[in-house]
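Numbering (my numbering), first residue to last: 12 to 154. Quick notes on the structure that follows.
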Amino acid sequence: MAATSIAIIIFIVLETMNIILLYFAPASRKGNGVGVFDAYEKSKAYPEIHAFIRYLVNWVAGTKVIFLALLIVILITGSLVTRLISVAVMIPSIATFYWRLYPAIRNMDTKGEISPKGYSKTLFVMITVFILGFAAAFIISVT
């Protein structure tokens, strides 16, 4: 099996677990549940704000489903070139995390609004590993 296929499958499995968590246990502090944000629990005191947050959580989960469905189609029907391009595109798309999301979560973590403390660093490492994994799969497949 090509390195690109393995990288895509690993990503699909991990993101599927995240989707399940977001849909069925969003308050979880495990995986990438939004329970790590102290504001999630606090929002329950304000039903209209909590409803909005639940909407956004489900929106994120829904977009992940669409994204993974496309990756599954690429995995099943795509040629090696298509998988290579897909993996190459995954790198900058995942790297957008460092532009807006990481500064925001790092700021909340610094202010003590994330539990467990230091979760932003864990997320930073996890995203970096995704990117390095896709880069390695690309390089292995090209050489």
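The C-beta atom is built at its ideal place from N, Cα and C for all residues, glycine as well.
(1) By Cβ distance, which residues of its chain are closer than 6 Å to VAL45, with the 5 residues on each side in sequence left out?
(2) Going by alpha carbons, who is nearest to LEU86 out of ALA99, ALA14 and ILE19?
(3) Could you check where the alpha helix (DSSP H) with SER97 kicks off and where it finishes?
(4) Going by Cα to Cα distance, which pick from GLY129, VAL71, ILE96 and LYS75 is closest to SER16?
(5) Let me check understanding here. Comparing Cα to Cα, which of ASN29, PHE35, PHE149 and ILE30 lies closest to ARG94?
(6) Inspect the beta-carbon positions of VAL76 and ILE125 and report whether they are closer than 8 Å.
(7) Between the C-alpha atoms of SER152 and SER90, what's the straight-line distance to the nearest angstrom?
(8) Should VAL98 be labelled buried (16 or more other beta-carbon atoms within 10 Å of its own) or exposed?
(9) In the DSSP output, what is PHE48 paired with across the bridge?
(10) Which residue marks the beginning of the alpha helix (DSSP H) containing SER16, and which one marks its end?
According to the structure shown:
(1) Mapped onto the sequence shown, residue 45 falls at position 34. Closer than 6 Å at the Cβ level, and outside the excluded window around VAL45, lie PRO37, TYR51 and VAL68.
(2) In the sequence shown, counting from the first residue as 1, residue 86 sits at position 75. Of ALA99, ALA14 and ILE19, the residue nearest in Cα terms is ILE19.
(3) Locating residue 97 in the sequence shown gives position 86, counting from the first residue. 91-106 is the span of the alpha helix (DSSP H), which, as asked, contains SER97.
(4) The count along the sequence shown starts at 1 and reaches residue 16 at position 5. Of the candidates GLY129, VAL71, ILE96 and LYS75, the one whose C-alpha sits nearest the C-alpha of SER16 is ILE96.
(5) Locating residue 94 in the sequence shown gives position 83, where the first residue counts as 1. Residue nearest to ARG94 within the set ASN29, PHE35, PHE149 and ILE30 is PHE149 (criterion: CA-CA distance).
(6) Reading the sequence shown from its first residue, position 65 is the one you call residue 76. Reading the sequence shown from its first residue, position 114 is the one you call residue 125. Not in contact: VAL76 and ILE125 (Cβ atoms no closer than 8 Å).
(7) Locating residue 152 in the sequence shown gives position 141, where the first residue counts as 1. Locating residue 90 in the sequence shown gives position 79, where the first residue counts as 1. Looking at the two C-alpha atoms, the distance is approximately 12 Å.
(8) Residue 98 sits at position 87 when you count from the first residue of the sequence shown. With 16 or more neighbouring CB atoms inside 10 Å of its own CB, VAL98 falls in the buried class.
(9) Residue 48 sits at position 37 when you count from the first residue of the sequence shown. Looking at the DSSP assignment, PHE48 forms a beta bridge with ILE125.
(10) On the sequence shown, residue 16 is found 5 positions in, with the first residue counted as 1. Element bounds for SER16: 14-35.
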